[in-house]
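Read through the structure below, which is laid out as structure tokens, and then see the notes.
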Amino acid sequence: MEKGFQKADSHNLPSEDVVMYFKLSDAGKKKDLAPKTLETEDDARIKRLKESKLPFKGNSDITLINGVPKEYGRPRTAKIFKPPKNPMQSGTANIHHWEVTFDPKERWENPLMGWSSTGDSLSNMKLKFCTKKEAIAFCERNGWEWFVQEKRLKKKFKVKTTTIFLKSGDLKFEKSWRLFEN
């Protein structure tokens with residue numbers, strides 16, 4: 012233990028990783044109650060990266076410094092698309108953006124409950140972007156292969172209305188049918 016520090020009671024600590032020290036001042040022997048934590052290697056690396064200023068020009072590759080684990084750095088293919096309109100609602104509020112998703116890999120069915128499980132958390136991730144160019148730039152910066160699925164156009168059809176008038180004395184009967192063409 013360093014000179015001038017006194018270890019706090021270990022039963023008062025919230026976890027084993029955090030060790031609190033109270034600095035004793037030499038003048039009045041007052042305790043400084045500001046807690047100090049011991050940093051792990053990962054915490055120190057993240058702190059150094061946050062403090063460093065790295066210049067990025069355009070679509071630079073950030074795979075070396077983005078902090079993503081190596082198992083996610085393997086080559087992945089991202090699908091960029093505009094989501095379709097929800098058929099259960101008449102509004103178009105949530106379809107004016109572009110999404111990036113990944114194909115599911117390593118999926119299996121749980122034999123006990125029948126739930127589907129996965130070992131790939133990227134397959135459950137859905138990223139939203141305002142424009143297609145932003146989504147493409149993000150995929151290129153992360154080193155992912157990508158393809159764009161363009162929005163399918165709706166087939167337009169003409170509505171034909173056939174009206175048959177049947178006269179029976181003074182009564183008029185009107186029947187209409189709508190015929191749809193594909």
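With our numbering applied, the sequence shown corresponds to residues 12 to 193, in that order.
We treat Cβ as the ideally placed atom computed from N, Cα and C, and that holds for glycine.
**Request:** Using three-state DSSP, classify Lys162 as helix, strand or coil.
**Result:** Mapped onto the sequence shown, residue 162 falls at position 151. Looking at Lys162 - three-state DSSP - the assignment turns out to be coil, as it is neither helix nor strand.
**Prompt:** Can you name the residues that DSSP bridges to Ala89?
**Reply:** Residue numbering aside, residue 89 sits at position 78 when the sequence shown is read from its first letter. DSSP, once it has assigned bridges, lists Phe113, Trp157 as partnering Ala89.
**Request:** Would you list the residues sitting across from Thr51 in a DSSP beta bridge?
**Result:** Position 40 of the sequence shown, counted from the first residue, corresponds to residue 51. Answer by DSSP bridge pairing: none, since Thr51 is not bridged.
**Asked** Over what stretch of residues does the beta strand (DSSP E) that includes Lys139 continue unbroken?
**Response** Taking the first residue of the sequence shown as position 1, residue 139 is located at position 128. Looking at the DSSP string, the run of the beta strand (DSSP E) that includes Lys139 is 138–140.
**Request:** Note down the Cα distance separating Lys90 from Phe149, rounded to an integer number of angstroms.
**Result:** Along the sequence shown, one-based indexing puts residue 90 at 79. Along the sequence shown, one-based indexing puts residue 149 at 138. Straight-line Cα distance between these residues: approximately 12 Å.
**Request:** Please name the residue, chosen from Trp126, Val111, Thr112, that lies closest to Arg118 on a Cα-to-Cα basis.
**Result:** For the purposes of this step, residue 118 is identified with residue 107 of the sequence shown, where counting begins at 1. Minimum Cα distance to Arg118 is reached at Trp126.
**Message:** By alpha-carbon positions, which one of Lys116, Gly154, Phe158, Met99 ends up nearest to Glu110?
**Reply:** In the sequence shown, counting from the first residue as 1, residue 110 sits at position 99. When each option's Cα is compared against that of Glu110, the closest is Phe158.
**Asked** How many angstroms separate the CA atom of His107 from the CA atom of Thr51?
**Response** Residue numbering aside, residue 107 sits at position 96 when the sequence shown is read from its first letter. Residue numbering aside, residue 51 sits at position 40 when the sequence shown is read from its first letter. If you take the alpha carbons of His107 and Thr51, they lie about 43 Å apart.
**Limits of the unbroken alpha helix (DSSP H) element including Ala104** = Position 93 of the sequence shown, counted from the start, is the residue given in the question as residue 104. Ala104 -> no alpha helix (DSSP H), and no H or E assigned at all.
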